Amino acid sequence: MAETQTEPKLSYIASVTRVRAAAGVILRDQAGRVLAVHPIYKDTWEVPGGTVEPDESPADACTREIREELGLSVPVGALLCVDWVPASPPWDGGLMFVFDGGVLTGDQIATMRLCPDELDRFEFVEPERLHEVLIPRLARRIAAAVAAIGRGGVYLEDGVEVSSR
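-19 is the number of the first residue of the sequence shown in the working numbering; add one for each residue after it.
1) Determine, using beta carbons only, whether valine 78 and isoleucine 129 come nearer to each other than 8 Å.
2) Pairs of beta-carbons, one from the segment 110 to 124 and one from the segment 32 to 52, closer than 8 Å: are there three or more?
3) CB-CB under 7 Å to methionine -19, same chain, minus the five flanking residues each way: which ones, in chain order?
4) Taking arginine 0 and aspartate 72 to be in contact with their CB atoms under 8 Å, please state how far apart those CB atoms are, rounded to whole angstroms.
5) I need the boundaries of the alpha helix (DSSP H) containing leucine 114, first residue and last residue.
6) Which residue comes first and which comes last in the alpha helix (DSSP H) that contains glycine 86?
7) Mapping DSSP to helix, strand and coil, what is tyrosine 135?
8) So what's isoleucine 6 in DSSP terms, helix, strand or just coil?
9) Are the Cβ atoms of glycine 57 and glycine 82 separated by less than 8 Å?
10) Cβ atoms of methionine 92 and glycine 133: under 8 Å apart, would you say?
11) Here's the rule: buried if 16 or more other CB atoms are within 10 angstroms of the residue's CB, otherwise exposed. What is proline 43?
12) Please classify valine 126: does DSSP put it in a helix, a strand, or coil?
13) With which residues is aspartate 63 paired in a DSSP beta bridge?
14) If you follow the beta strand (DSSP E) that leucine 15 is part of, which residue opens it and which one closes it?
This is the structure:
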């Protein structure tokens, strides 16, 4: 007698680990510097991006955030890295995705308009200086993502590349 496929029990589904997800994008200028943005609600710098909303893919979240935060329509390219961030209460653990947004033209940079409800300034930062403006975990993540451009994505845990196990 053939075994029939059954739906999982709701109690099991409720017990499955849930994680938060966010996505960022590496946008560069012609000199290879990385775009960093300063949120109005934090004392720290970040790269463009944000939380993945319900029923939204990480890539779609990046496209939306670029449009909302910078006023640009830029296609999101290759996935550069996924970073597992352990829980740090009140935050649950999370998966942070970083995509390649490519090189912005001078015209794109000139037409960039920061969302005044979210950002108050931006700066293009040399990759070797990222640790000076980003918090350490984000600096590690973005440095790994920049290093992955053109060679394929990497998997990180807390901003550190994990080799094959």
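Cβ atoms here follow ideal geometry from the backbone N, Cα and C, with glycine treated the same way. Quantities reported herein were computed from a predicted structural model and do not represent experimental measurements.
Taking the structure as given:
1) The count along the sequence shown starts at 1 and reaches residue 78 at position 98. The count along the sequence shown starts at 1 and reaches residue 129 at position 149. It is not a contact, given that the beta carbons lie outside the stated cut-off.
2) no
3) Position 1 of the sequence shown, counted from the first residue, corresponds to residue -19. Interpretation of methionine -19 is limited by its pLDDT of 49, a score under 50 that renders its predicted location unreliable; no figure is taken from the coordinates.
4) To locate residue 0, count along the sequence shown from 1; it is residue 20. To locate residue 72, count along the sequence shown from 1; it is residue 92. Yes, they are in contact, since the Cβ atoms of arginine 0 and aspartate 72 sit about 6 Å apart, within 8 Å.
5) As a working note, residue 114 is residue 134 in the sequence shown. Here leucine 114 belongs to no alpha helix (DSSP H), and DSSP marks it neither H nor E.
6) Taking the sequence shown and counting its residues from 1, one reaches residue 86 at position 106. From DSSP, the alpha helix (DSSP H) with glycine 86 extends over 86 to 91.
7) By one-based count along the sequence shown, residue 135 stands at place 155. It is a strand residue.
8) The residue given as residue 6 occupies position 26 in the sequence shown. Three-state DSSP puts isoleucine 6 in a strand.
9) Here residue 57 is taken as the residue at index 77 of the sequence shown, counted from 1. Here residue 82 is taken as the residue at index 102 of the sequence shown, counted from 1. Yes. Within cutoff.
10) One-based indexing of the sequence shown puts residue 133 at position 153. One-based indexing of the sequence shown puts residue 92 at position 112. Not a contact, by the Cβ cut-off of 8 Å.
11) As a position in the sequence shown, residue 43 is number 63, starting the count at 1. With the sequence shown as reference, residue 43 is identified as threonine, and proline is not the correct amino acid for it. The residue is buried, with at least 16 neighbouring Cβ atoms inside 10 Å.
12) Residue 126 sits at position 146 when you count from the first residue of the sequence shown. Correct three-state label for valine 126: helix.
13) As a position in the sequence shown, residue 63 is number 83, starting the count at 1. DSSP output for aspartate 63 lists Met76, Leu136 as bridge partner(s).
14) Position 35 of the sequence shown, counted from the start, is the residue given in the question as residue 15. For leucine 15, the enclosing beta strand (DSSP E) has its first and last residue at 14 to 19.
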